[in-house]
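Taking it in order: structure first as structure tokens, then the write-up.
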Amino acid sequence: MRTRRITIAERRARLARRHRLLPSTRTDDVAEIADSLVALHSSDPASVYLSAMARMRHPSVTTVESALYETRSVVRFHAMRRTLWVATPEVARLAHASSTTKLLAPEHRRFVALLAANGIADDGDAWIASAKEQVLAALHRAGEASTRELGEAVPALRQPIAMAPGKRYATTQGAHVRVMLHLGFEGVVVRTRPTGSWINSQYRWAAMDDWVPGGIAGMDPREGAAELVRRWLYAFGPGTTADAQWWTGWTLGDTRRALDDAGAVAVAMQTPDGDADAWLAPDDLEPVRGASRWVALLPGLDPTTMGWKDRRWYLDPEVAAQVVDRNGNAGPTIWVDGRIVGSWVQRRDGTVALGWLADVPSARRAQVEAAAQTLEAAIGETRVSVRFPAPIQAELLGS
């Protein structure tokens, strides 16, 4: 039974307040920002910084770096949909238990098969166990190490592995790729500082229990799933079962069970097609008051843009193909009052170019232009290459 109805206007108010996009809700506490969104996408290393800075009172790369590598109030880890995320250690434990642990057995089987097919080891289980033991011992000795340094300490990591031999997409990769992925899925290693600047995707490594007291493994998977989806409901609710399944990457059965375990409450949710069945967290049923006006420039893979499967209530389907690729990955976006109205890109000279996909009053455009100048100052001399660019980006770079 539906308890109440949530309009699109209230959905946008919830988005603005919960996601810290109103100026009054912004903070320089990176852990609070991550918790407000459950977790930050980290498949593109720049997204973590740009998503956080879009919600900071004083946008600063240094502040984000401090949270990641000095106070370690947030940590990078593999989780939902096999992708990298950044969240507080508490959320990392929930995500690891509910999502990452499911990835380990299939990955282990693939690795054992690769070792056999390449003639490296008949007993793949023993080979993997030995390599992992040596890597963890090396990390505990060194504290942190690059992939190259680990390869010097553990020669097995340098073993070449042929991938898809005979296929047009055949390639060769070092065994370190599979070993470190395996250890990441176990939750016993962590990517630490990048080997280059903050936009670099090559990282140093540490043992997770050295980096985060107590590590992130060991929680009951069902308990982790229930609490993770409850947090998602508070940050992104109301949401449908399909939305929750999209965000988590779980099976439909696992998603339904987690919603039930979380005590999710059924509500009616306004959509462009009419009302739909949706869910709220059990302690989040009170109406949320309307939000004041706001603008934001969000990066590719920002949690707000990526939080729902059905995005029509904030992204016009007529222009969606200009900012979202075929796999559902969203590029950089311009937001005005709870709607995506355009995209942006950093040019080679460091300026931020804006591309409009909806009619926006001149006064609001001026606010967006001011936000672009703030972003330029925060990025400084760094040139950000977007891993999942908006399709409109080529046009913006050429204009």
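In short: position in the sequence shown from 1, add 46, done, that's my numbering. Using N, Cα and C, we set each Cβ at its ideal position, and we do this for glycine too.
In the three-state reduction of the DSSP assignment, residue 248 falls in the coil class. DSSP places residue 207 in the strand class (E or B) of the three-state scheme.
Residue 185 sits close to residue 251, with the two beta carbons spaced by under 9 angstroms.
C-alpha of residue 300 to C-alpha of residue 317: approximately 25 angstroms in a straight line. Excluding the 5 residues flanking it on each side, residue 76 has same chain C-beta neighbours closer than 7 angstroms at 98, 109, 110, 113, 119, 120, in chain order.
Annotation for residue 257: 236 place their beta carbon closer than 6 angstroms to its own, counting only its chain and skipping 5 residues before and after.
Residue environment for residue 144: buried (at least 16 other C-beta atoms within 10 angstroms of its C-beta). Here DSSP, grouped into helix, strand and coil, assigns residue 380 to strand.
The alpha-carbon separation between residue 366 and residue 286 amounts to approximately 20 angstroms. Collapsing the DSSP output to three states places residue 52 in a strand. In the structure shown, residue 107 falls within a helical segment according to DSSP collapsed to helix, strand and coil. The Cβ neighbour count for residue 405, taken over all protein chains shown within 10 Å, is under 16; the residue is labelled exposed. Bridge partners of residue 317 according to DSSP: 320.
In the DSSP annotation of this structure, residue 410 is not part of any beta strand (DSSP E); the continuous alpha helix (DSSP H) holding it starts and ends at 408-425.
By the neighbour-count criterion, in which 16 or more other beta carbons inside 10 Å mark a residue as buried, residue 243 falls on the exposed side. In this structure, residue 334 keeps its C-beta atom at 9 angstroms or more from the C-beta atom of residue 324.
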